[in-house]
Amino acid sequence: DAKTTQPPSMDCAEGRAANLPCNHSTISGNEYVYWYRQIHSQGPQYIIHGLKNNETNEMASLIITEDRKSSTLILPHATLRDTAVYYCIVRVHYGGSQGNLIFGKGTKLSVKP
Amino acid sequence: GAGVSQSPSNKVTEKGKDVELRCDPISGHTALYWYRQSLGQGLEFLIYFQGNSAPDKSGLPSDRFSAERTGGSVSTLTIQRTQQEDSAVYLCASSPRTGDSPLHFGNGTRLTVT
Chain X
526 DAKTTQPPSM DCAEGRAANL PCNHSTISGN EYVYWYRQIH SQGPQYIIHG LKNNETNEMA
586 SLIITEDRKS STLILPHATL RDTAVYYCIV RVHYGGSQGN LIFGKGTKLS VKP
Chain Y
-18 GAGVSQSPSN KVTEKGKDVE LRCDPISGHT ALYWYRQSLG QGLEFLIYFQ GNSAPDKSGL
42 PSDRFSAERT GGSVSTLTIQ RTQQEDSAVY LCASSPRTGD SPLHFGNGTR LTVT
């Protein structure tokens, strides 16, 4: 079973920031938080990952709480092309399942004009 | 550069027939994964290959499912005696190595069993 909890759906106005929450209260010390998204009829696309520090790349920012029990993915200026299902995943990097990703149901983000 | 390539993109088969799905990973990627996604559902792990190690087959739903990876590159997922519940999108992913590398996914093969 997935170890994360996400709201099933969210709306966001085009041009505004989209903040997608994720709860992972049972996360272990050696598990990273990963975010992927899946646009209709395509395979999942990697967005960002982190362990405990906040991370930023050209696509998004990842904010992880100090206790690591939750995180937020931020798309700073959402566009219509960001409409997708967003998956939050916890993943151990070494050992165990050798880095397998366990997907939950994700959050369906709808960006509206 | 070229991403993960899967073929065919769509496959319709009759119940009871065997099917083969192909995955060409990104060149140089040593780890390869197969997932499937049923309509409106999340991704379900099937099998994982890493280099020359024995594959992790823990996600295969029945002995009708098998996969191989030849020469550490191309992989084939075979489903024997297909059933209607096998209808799904079958996704392949690869990564440079196991562990801390993000997975790169193909766009999948949509399998329909009639």
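Chains as they are written, first to last, in our numbering: chain X, 526 to 638; chain Y, -18 to 95. Virtual Cβ for every residue (Gly too), placed ideally from N, Cα, C. If you're wondering where the values come from, they're calculated on a predicted model, not measured in any experiment.
How would you list, in chain order, the residues of chain X whose beta-carbon sits under 8 Å from the beta-carbon of N88 of chain Y? Taking the first residue of the second sequence as 1, we reach residue 88 of chain Y at position 107. S566, Q567 and G568, listed in chain order.
For N33 of chain Y, is the classification buried or exposed, using 16 other Cβ atoms within 10 angstroms of its Cβ as the cut-off for buried? Working through the second sequence from its first residue, we reach residue 33 of chain Y at position 52. That one is exposed.
Cα separation between V94 of chain Y and G554 of chain X? By 1-based counting over the second sequence, the position of residue 94 of chain Y is 113. By 1-based counting over the first sequence, the position of residue 554 of chain X is 29. The alpha-carbon atoms of V94 of chain Y and G554 of chain X are separated by roughly 43 Å.
Chain X contact residues for L72 of chain Y, given Cβ-Cβ distances below 7 Å: The residue you call residue 72 of chain Y lines up with position 91 of the second sequence. The contacting residues are G568.
Can you list the residues of chain X that F26 of chain Y reaches, using a CB-CB cut of under 9 Å? In the second sequence, counting from the first residue as 1, residue 26 of chain Y sits at position 45. Result: S622, N625, L626, I627 and F628.
Between S595 of chain X and T529 of chain X, what straight-line distance do the alpha-carbon atoms span, to the nearest angstrom? Position 70 of the first sequence, counted from the start, is the residue given in the question as residue 595 of chain X. Position 4 of the first sequence, counted from the start, is the residue given in the question as residue 529 of chain X. Rounded to whole angstroms, S595 of chain X to T529 of chain X spans 9 Å at the Cα level.
So with Cβ pairs under 7 Å, would you call Y571 of chain X a contact of chain Y? Stepping through the first sequence from its first residue, residue 571 of chain X is reached at position 46. Yes, contact with chain Y.
Cβ neighbours of Q65 of chain Y in the same chain (closer than 7 Å, five flanking residues each side left out): Along the second sequence, read from residue 1 onward, the residue named residue 65 of chain Y stands at position 84. Excluding positions up to five away in sequence, the list reads K(-4) and V94.
Please list the partners that G631 of chain X has in chain Y, where partner means a Cβ-to-Cβ separation under 9 Å. As a first step, residue 631 of chain X is located in the first sequence; it is residue number 106 there, counting from the start. By Cβ distance, chain Y contributes G23.
Is any beta-carbon of chain X found at less than 7 Å from that of P36 of chain Y? Working through the second sequence from its first residue, we reach residue 36 of chain Y at position 55. Output row for P36 of chain Y: interface = no.
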